[in-house]
Structure formats: structure tokens, C-alpha cells
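K.L.:
Number of protein chains: 4
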Amino acid sequence: MKAELVRFGVSLEKQLRDNFDTLIRERKYTNRSEALRDLIRRALVQRTWGKGGDVAGAITLIYDHHHRDVLTNVTDIQHDFQKIIVSTQHIHLDHNNCLEIIATRGKAEEVQQLADALTSIKGVRHGTLGMSSTGREI
Amino acid sequence: MKAELVRFGVSLEKQLRDNFDTLIRERKYTNRSEALRDLIRRALVQRTWGKGGDVAGAITLIYDHHHRDVLTNVTDIQHDFQKIIVSTQHIHLDHNNCLEIIATRGKAEEVQQLADALTSIKGVRHGTLGMSSTGREI
Amino acid sequence: MKAELVRFGVSLEKQLRDNFDTLIRERKYTNRSEALRDLIRRALVQRTWGKGGDVAGAITLIYDHHHRDVLTNVTDIQHDFQKIIVSTQHIHLDHNNCLEIIATRGKAEEVQQLADALTSIKGVRHGTLGMSSTGREI
Amino acid sequence: MKAELVRFGVSLEKQLRDNFDTLIRERKYTNRSEALRDLIRRALVQRTWGKGGDVAGAITLIYDHHHRDVLTNVTDIQHDFQKIIVSTQHIHLDHNNCLEIIATRGKAEEVQQLADALTSIKGVRHGTLGMSSTGREI
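Which chain is which? The protein sequence lines are A, B, C and D, in order.
Going by numbering that gives the first Met the number 0, the first residue of the first sequence is number 0, and it counts up by one from there.
Going by numbering that gives the first Met the number 0, the first residue of the second sequence is number 0, and it counts up by one from there.
Going by numbering that gives the first Met the number 0, the first residue of the third sequence is number 0, and it counts up by one from there.
Going by numbering that gives the first Met the number 0, the first residue of the fourth sequence is number 0, and it counts up by one from there.
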């Protein structure tokens, strides 16, 4: 299904438009509308996270699977939050280190809580939360 | 294999230590050493990304798979960078929207380039880059 | 008045300590305690902003003072929030552009509201908020 | 002097425009062009910092002026970098704590170096760098 497009005019200072066109070329956007859509979507996704709306997110964890209890604890917490976990990808970085990437979907606050709970597990050495979108608001 | 532990003394203003202990309890760290290890690792991972060292990262993309050519373009670029892509997780968010999470490993600059190239594809509506670690420096 | 110092032991993996020592030398910290104090204070300041506590902050604004009404609007809003504004520094960047730096002190939420209100004024072209501390929690 | 305005058309998915209009109302922008100009300027300022161009910035420092040598060191380093320092604002937060806000202008890399040098001084308890603009590129 093709989304309905609407069109409107924008006025900018000439120099601001020229500098924006340089940025558009550098980032290889196909045209100004495409670049502006990206800026707008980015602002909308930030707003959704700020307001605690429905989000998607990717949590990364680095842990040493030899560390006592870490596998059990990472798995236990994921089960506590299973309602907001979609799937998990596990990568063997080397003999000791695992990278686990957990795809989540839920309320922003719950996703943040899950990320915090996993990151503070003893044996989990680093965690990040990629703040993405369900696609609804963008 | 258990990593060798070393021990050293830290001196802090009493009030700073008390406030840190409050933060440790809130975040449910098991003890001060565990909390400090986390702060140190976080600083080291930032440094590795800043210096352009070897990193791991999770790129998230939101796109509408009905959008003409988006699937082809997302796949083509991943093949151009296949040397630094470990695996890809694809989630059907709804009838239109896909969440794709790409596990990467390589030089920080290449991983950033891949994230930028994928995010600027027409039809990709949002992208994030979770800056993680190969586990080596932490 | 000299603050009371307390001392405690920290245990780290040897490799983590070695990498931390490299970072300490690069950043020219005088010793490990000083570097750890910095990491702890940074975490405490983030926590204070997150919890909505008492903060200090520096708001920067870039605006063209020729732009109709911008000076009036920037000043009016500062008066609405005068309770949390300590002082203002005004720098003439060139014939058109002004950099105004507003030192604030208050509840995190109010300081953020002031920064948002000033940034969205027509004629204000850029705004940032430096999230600092009253010094109490660190 | 009034800058020359140029006008061009933008096409968006209807739903994206509706969500953007909600955000515009919330942030109290006067119209879509004003909101888009802000998003564009923000992207251009980030690009200038990323490319190492000419920037303006506000460095905040929190320090205890009773701490031995801190005043001397903060002042010495400012003199080493005096070429890029425009002015300094000093606020007495309480009996012990000072907030110093340093308005800077120069190459992004030098401003970052100054911020790092000041933040790692023993006795400086927190530092931030507000990444602003000379107004030229926006």
C-alpha cells in the first residue's frame, strides 16, 4: 500500500539552503524531501521515547559466558520481560566474549528498565540501547 | 579461564562515596568494585570508538518493505560491507514496517560508514547505531 | 574547609586496570582516584538530571539581533524564568550573530523548559543546554 | 540586513506531516518552515563539529575554590588557550562551589582540547561542553 503524499512549500535563507544542499550531497540523499523526512522522523522518534510511547529498541550486551551465573541471570531477566522481547541474536566474539542483541518492543519505560536490569548483571561488561521505532509515528 | 584480579585503594570525599553508594543501590550493583568496573568499561568503549579501534555494533533500521527497491538496496549495501557484518535479525513489526538489526564487527569508521549508508537509503525511515565492544579492551 | 576523605579497596581484572591506566595517562589525570572520582561524579550528575533534582546549567543561544522581535522575545522569556536565571553573557560573534550564554540554577525540569522556550523563538537559530551541577551531589 | 529567502516544495507522507504538525504545536514553532529550519541548522552544527570547522562553544566547570591550586590551574590553562577564549562568567554557587562558564570560539578540535584540559584538572569536579556555532553555517 502506497502512503498518500502531501506537498507544501518551505522558505529558507538562501545560504542555509546552500549549506543544506552540501550536506545532502555528502550523505547521498536523493533529494531535499528525503533528507527533510529523515530529520523529521528522527525528531518524532526522540519525542516518542521522551513521552514514554510505544517503541522498538535493540539492546546489546557484552559478557563472558564463563562468568559464573551470567548466562542464567541474562536468561532469567529476559523471561521476566518476555512480553516485550521479540527475539535474541547471539554472537560468539571470541573464546570468552559473547555479543547478545535483544530486539524489544513495548513502552519506552519498560524497554529502558530491561536494558538497565541486563546491564547491571554481574558479568555483563557493557550494554547499549538503540532507540528505534515501531514505525507507527514515522 | 578466570581473569587475574588486581586490587588497589581509592580515596574519595566521604559525601561523594555516600552518594555513590545510593546510586549503587538504585542500580542494584552487587558492590562498589562492580559499579566502578562498569564506569571504567564504559569510558574505555567510548575511547575505542573515538580512536577508531576494533569495535562491535548493532545497527537498527526501520523500513517499509513495500517501498520500491528498499529491500534490494538494503541487501546490496550489506553485501558491499559483508566483511564487517556478522549476522542480521529481521522482525516484522506490522503489515508494512520491518525492524532489521545488523550485528557488525570491524573498524569503528567502517561500522559508522555502513550505518550511514544504510540509513540514507530511500525508504529506510530510521536508523540507530549501538556502539558496543569486541570485549577485548574491557 | 577540607572535605573528609575515606578510603576503600577496588578489585579489577588486571587487563582492565592496565587499559584504564592508559586512559588515565592520555587524559592526564594525576592518579586513579582522581579519574574514578570524575567517572563517579559524571554518573551522579546524570542521575540528578534524570531524577529532576536541583541542577545548574548553561544555555547557549545563537541569534541574529537584526531579526525582528528576537531581542524582545529572548528578554521576555528570561524575565518569565528570572527565578532560575543567575546571569547572562552576551558575545558579538560578527555583524549579525550573537552568542548568548545563560547561567541557570533550579529544578532540572524548569531549566529544560527554559532552554526549550528560548530555542523555539523565531530568530533563535541554535540552542544547547550544558547539564551541570550545583556541586551538592558531587 | 535581511537575508535573501528562497522557497521550494517538500513532499511528505500525510501521516508523517500530521505527526510533525503535532510536534510543531507542542514546541510552539510558528510554522513548518521555522521548525524545519531548526532541524536543518541542528544537523549543520553537528556536521561542523564533526568535520573540525570553526565553532563557538560554552564550557562549564564546577570546582571548589578552596581546593589547593585549582584557581591557579584553571587560570593558567585559560591563558594557554587565550586565543580561543572570548570571555568567562563566574558564579558563586555556595560557600565552596563555583560554576565557571567559558565562552570559546575556534577550531572544534582546539575547543574540545581546552574542555578536556580544564575538566581533568585536580579539583575540577565536573565539566560540560555545549557545542554551538559561530552562526556562519546556519
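Ideal placement from N, C-alpha and C gives every residue a C-beta, glycine not left out.
Computed from a prediction, not measured in an experiment: that's the story for all the values here.
1. Mind checking the region 51 to 73 of chain C against chain B and listing, in chain order, the residues whose C-beta falls within less than 9 Å of any C-beta there?
2. Flag this pair as touching only if the region 14 to 29 of chain C and the region 26 to 44 of chain B have three or more C-beta atom pairs under 8 Å; answer yes or no.
3. Does the beta carbon of D/Leu38 come closer than 8 Å to any beta carbon on chain C?
4. Is it buried or exposed, C/Glu3, if we count other Cβ atoms within 10 angstroms and call 16 or more buried?
5. Looking at B/Arg6: is its Cβ nearer than 8 Å to the Cβ of C/Ser86?
6. Quick one: what's got a C-beta closer than 6 Å to B/Ile137's C-beta in the same chain, skipping five residues either side?
7. If you measure from the beta carbon of D/Asn96 to each beta carbon in chain C, is any gap under 8 Å?
8. Hey, out of A/Lys121, A/Gly51, A/Thr29, A/Gln45, whose CA is closest to A/Val110's CA?
9. How long is the line joining the alpha carbons of C/Val54 and D/Ile101, rounded to whole angstroms?
10. By DSSP's criteria, A/Ser10 is part of a beta bridge. Which residues make up the other side?
11. Name, please, each residue of chain C whose Cβ falls closer than 9 Å to the Cβ of B/Ala2.
12. If I'm right that C/Leu98 touches C/Thr59 with Cβ under 8 Å, what's the distance once you round it to whole angstroms?
13. Can you tell me the Cβ-Cβ gap for C/His66 and C/Gly122, rounded? I've got them flagged as a contact below 8 Å.
14. Closer than 8 Å, CB to CB, is C/Ala107 near chain B or not?
15. Check the C-beta distance from C/Val69 over to C/Asp63 and give it rounded, since I have them as a contact under 8 Å.
16. Just list the beta strand (DSSP E) runs in the region 53 to 136 of chain C, keeping only unbroken ones of 3 residues or longer that don't cross its boundaries, in chain order.
17. In the structure shown, what three-state DSSP assignment does A/Lys50 receive?
18. Straight-line CA distance for C/Gln88 to A/Lys13?
19. With 8 Å as the threshold, decide whether the Cβ of C/Ser131 is near any Cβ in chain B.
20. Using the Cβ count rule (16 or more neighbours within 10 Å means buried), how would you classify C/Gly105?
21. Closest to B/Gly129 by C-alpha separation, out of A/Ala114, A/Asn72, A/Tyr28, A/Asn95, would be which residue?
22. With 16 other CB atoms within 10 Å as the buried threshold, where does D/Asn18 fall?
23. Nearest CA to the CA of B/Ala73: which residue from B/Thr133, B/Asn30, B/Arg124?
24. Can you find the residues in the same chain that come closer than 6 Å, C-beta to C-beta, to D/Ala116, ignoring five residues on each side of it along the sequence?
25. Going along chain A in order, which residues have a C-beta closer than 8 Å to the C-beta of B/Arg41?
26. Taking A/Ser119 as the query, report the chain B residues whose CB atoms sit under 7 Å from its CB, ordered along the chain.
27. Using a Cβ-Cβ distance cut-off of 8 Å, determine whether A/Val85 contacts chain B.
28. Which of the three DSSP states is assigned to D/Asn18 in this structure?
29. From B/Ile83 to B/Ala57, what does the alpha carbon distance come to, in whole angstroms?
30. With a 10 Å radius around its C-beta and 16 neighbouring C-beta atoms as the bar for buried, classify D/Gly8 as buried or exposed.
31. At a CB-CB cut-off below 7 Å, which residues of chain C make contact with B/Leu35?
32. Select from D/Gly49, D/Arg31, D/Ser132 the residue whose C-alpha is nearest the C-alpha of D/Thr103.
33. Classify C/Arg26 as helix, strand or coil using the three-state DSSP reduction.
P.N.:
The answer reads as follows:
1. none
2. yes
3. no
4. exposed
5. no
6. Arg40, Leu43
7. yes
8. A/Gly51
9. 18 Å
10. D/Arg6
11. Glu12, Lys13, Gln14, Leu15
12. 7 Å
13. 3 Å
14. no
15. 7 Å
16. 53 to 63, 84 to 91, 96 to 106, 123 to 132
17. helix
18. 30 Å
19. no
20. buried
21. A/Ala114
22. buried
23. It is Val, not Ala, that sits at residue 73 of chain B in the sequence shown. Out of B/Thr133, B/Asn30, B/Arg124, B/Arg124 has the C-alpha closest to the C-alpha of B/Val73.
24. Ile76
25. His125
26. Arg26, Lys27, Tyr28
27. yes
28. helix
29. 11 Å
30. exposed
31. Val9, Leu35
32. D/Ser132
33. coil
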